[in-house]
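The structure under discussion appears below in the form of structure tokens.
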Amino acid sequence: EAAARDLAPADLERGDLRGPMADMAASAVAAIPAVRAALLDFQRDFGRRCGAVLDGRDIGTVVFPEAQVKLFVTASVEERARRRFLELRGRGIAADPTQVEAEIRDRDAQDANRPVAPLKPAPDAVVLDTTALDADAAFTAALDLVRERVG
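Residue numbers for the sequence shown follow my numbering, beginning at 669 and rising by one.
Put into structure tokens, the structure is as follows:
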């Protein structure tokens with residue numbers, strides 16, 4: 669809980685927050701109400717300061733349920749595992765593709781079944797399936813959806 673309360677915007681640049689261990693830890697600590705409360709304060713303050721584009725498994729349902737535009741970006745487990753494996757390899761982190769996929773499946777199951785803020789799209793979110801899209805096409809699709817909603 670103390671680590672969550674001491675989080676600063678500069679901490680978001682730390683590389684150790686983007687790895688397999690951090691992914692699994694995020695899922696585990698997300699189930700702890702005191703940690704979630706501390707992180708919720710940080711996320712809301714960060715997003716309200718100057719406006720922000722935020723991603724996360726409960727941004728549209730818990731953190732900013734009043735957001736003007738909510739995208740629930742998804743892809744098949746296999747595609748997310750492939751992307752994650754390539755990301756890890758690009759950062760010089762040894763990874764097994766089968767293990768990466770298993771970890772994603774485990775985290776999805778944990779997050780979907782947790783009692784506090786389970787993984788699900790907000791009722792007013794637009795689901796964007798990026799399975800067949802590269803990064804540029806996904807960005808363009810997201811931007812088009814935002815423009816449709818905002819004008």
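We put the CB at the ideal spot given by N, CA and C, even for glycine.
- [ ] Grab me the residues of A696's own chain with a C-beta within less than 8 Å of its C-beta, minus the 5 sequence neighbours each way, in chain order.
- [x] Within the sequence shown, residue 696 is the residue found at index 28, counting from 1. Here the set comprises Q778.
Open item on the list: Any contact between the segment 798-811 and the segment 766-780? By contact I mean 3 or more CB pairs, one from each, below 8 Å.
Closed with: no
TODO: Tell me whether the beta-carbon of F732 lies closer than 8 Å to the beta-carbon of P789.
DONE: Working through the sequence shown from its first residue, we reach residue 732 at position 64. Working through the sequence shown from its first residue, we reach residue 789 at position 121. Cβ distance not < 8 Å, so F732 and P789 don't count as in contact.
Task: Proximity to A694 [Cα-Cα], best of D774, R717 and L756 - done: Translated into positions along the sequence shown, residue 694 becomes position 26. Measuring from the Cα of A694, the nearest candidate turns out to be D774.
Task: L708 (DSSP reduced to helix, strand or coil) - done: As a working note, residue 708 is residue 40 in the sequence shown. Three-state result, L708: helix.
Open item on the list: Using the three-state DSSP reduction, which class does D797 fall into: helix, strand or coil?
Closed with: Position 129 of the sequence shown, counting from 1, holds the residue named residue 797. Looking at D797 - three-state DSSP - the assignment turns out to be strand.
Open item on the list: Taking the beta carbon of G760 as the centre, do at least 16 other beta carbons fall within 10 Å, making it buried, or is it exposed?
Closed with: Position 92 of the sequence shown holds residue 760. That one is exposed.
Open item on the list: On the DSSP letters alone, give me the boundaries of the alpha helix (DSSP H) that F807 sits inside.
Closed with: On the sequence shown, position 139 is the one that residue 807 refers to. For F807, the enclosing alpha helix (DSSP H) stretches over residues A803 to V818.
Task: Range covered by the alpha helix (DSSP H) that runs through V730 - done: Residue 730 sits at position 62 when you count from the first residue of the sequence shown. Neither: V730 is in no alpha helix (DSSP H) and is coded neither H nor E.
Task: Residues bridged to T766 (per DSSP) - done: If you number the sequence shown from 1, residue 766 lands on position 98. The partner list for T766 (beta bridge, DSSP) is empty, contrary to what the question assumes.
Open item on the list: Spatial neighbours of Q711 within its chain, please: C-beta separation below 6 Å, excluding the five flanking residues on both sides.
Closed with: In the sequence shown, the residue the question calls residue 711 occupies position 43. If you ignore the 5 residues before and after Q711, its C-beta comes within less than 6 Å of the C-beta of V731, all in its own chain and listed in chain order.
TODO: Mark D626 as exposed unless 16 or more other C-beta atoms lie within 10 angstroms of its C-beta, in which case mark it buried.
DONE: The structure shown does not extend to residue 626, since the chain spans only 669 to 819, so no value can be given for it.
TODO: Would you mind sorting T766 into buried or exposed? The rule is 16 or more other CB atoms within 10 Å of its CB.
DONE: One-based indexing of the sequence shown puts residue 766 at position 98. By the C-beta density criterion, T766 is exposed, having fewer than 16 other C-beta atoms within 10 angstroms.
TODO: Sort D802, C718, D792 and L787 by Cα distance to R748 and report the nearest one.
DONE: Here residue 748 refers to the residue found at position 80 of the sequence shown. The option with the nearest alpha carbon to R748 is D802.
Open item on the list: Since V818 and V737 should fall inside the 8 Å C-beta cutoff, what is the C-beta to C-beta distance between them, to a whole number of angstroms?
Closed with: Locating residue 818 in the sequence shown gives position 150, where the first residue counts as 1. Locating residue 737 in the sequence shown gives position 69, where the first residue counts as 1. That belief holds up - the Cβ atoms of V818 and V737 are roughly 6 Å apart, short of 8 Å.
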